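Structure first, then comments.
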Amino acid sequence: MGNALGIAQFGGKAPSAKPWTGLGSGVLEVVESHDGNAYRAVYTVRFQEAVYVLHAFQKKSPSGARTSGRDVDLVAERLKVAQKDHEEHYGKPKR
5 MGNALGIAQF GGKAPSAKPW TGLGSGVLEV VESHDGNAYR AVYTVRFQEA
55 VYVLHAFQKK SPSGARTSGR DVDLVAERLK VAQKDHEEHY GKPKR
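Per our numbering, the very first residue in the sequence shown carries number 5; after that it's consecutive.
This is how it looks when you write it as structure tokens:
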């Protein structure tokens, strides 16, 4: 996961990164396995000056492949916080 995030910092996209559905472009996830468990890191590259890691968690969904609603909601909320933080530090994005 660290390697994928490092690649993102320099403007690239790791082969293991895939879009996180539901929040539009620029939000990605990396999935890794270790000792039979699945782990995910969700991050955004929407901002030129910074990569924000929105959530990292062990996948423990009782419904199979579906990510828990709590984790999905947490990613959405943290994306809003990242937007606010970015505006405070770098100003509003130019359109």
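Where a beta carbon is used, it is the ideal one built from N, C-alpha and C, also for glycine. Values in this document were obtained by computation on a predicted structure and should not be read as measured data.
Check each candidate in the options and name the one with the smallest Cα separation from residue i.
{"i": "Lys88", "options": "Ala60, Ala54, Phe61, Gln13", "result": "Ala54"}
{"i": "Ser20", "options": "His93, Leu9, Val57, Gly26", "result": "Leu9"}
{"i": "Ala18", "options": "Gly28, Phe61, Glu36", "result": "Glu36"}
{"i": "Val34", "options": "Asp75, Trp24, Arg50, Gly40", "result": "Trp24"}
{"i": "Lys64", "options": "Arg44, Gln52, Ala80", "result": "Arg44"}
{"i": "Val46", "options": "His38, Gly28, Ile11, Tyr56", "result": "Tyr56"}
{"i": "Leu32", "options": "Gly26, Lys22, Gly40, Asn41", "result": "Lys22"}
{"i": "Met5", "options": "Gly40, Phe51, Ala60", "result": "Ala60"}
{"i": "Leu83", "options": "Arg70, Gly30, Gln62, Thr71", "result": "Gly30"}
What residues are listed by DSSP as bridge partners for residue i?
{"i": "Thr48", "result": "Val31, Tyr56"}
{"i": "Ser37", "result": "Ala42"}
{"i": "Ala18", "result": "None, per the DSSP bridge assignment."}
{"i": "Lys64", "result": "DSSP, once it has assigned bridges, lists no residue as partnering Lys64."}
My output table needs one value for residue i: the three-state DSSP class, helix, strand or coil.
{"i": "Lys84", "result": "helix"}
With a threshold of 16 other CB atoms inside 10 Å of the CB of residue i, please say whether the residue is buried or exposed.
{"i": "Tyr94", "result": "exposed"}
{"i": "Val85", "result": "exposed"}
{"i": "His90", "result": "buried"}
{"i": "His38", "result": "exposed"}
Taking residue i and residue j to be in contact with their CB atoms under 8 Å, please state how far apart those CB atoms are, rounded to whole angstroms.
{"i": "Ala12", "j": "Val49", "result": "5 Å"}
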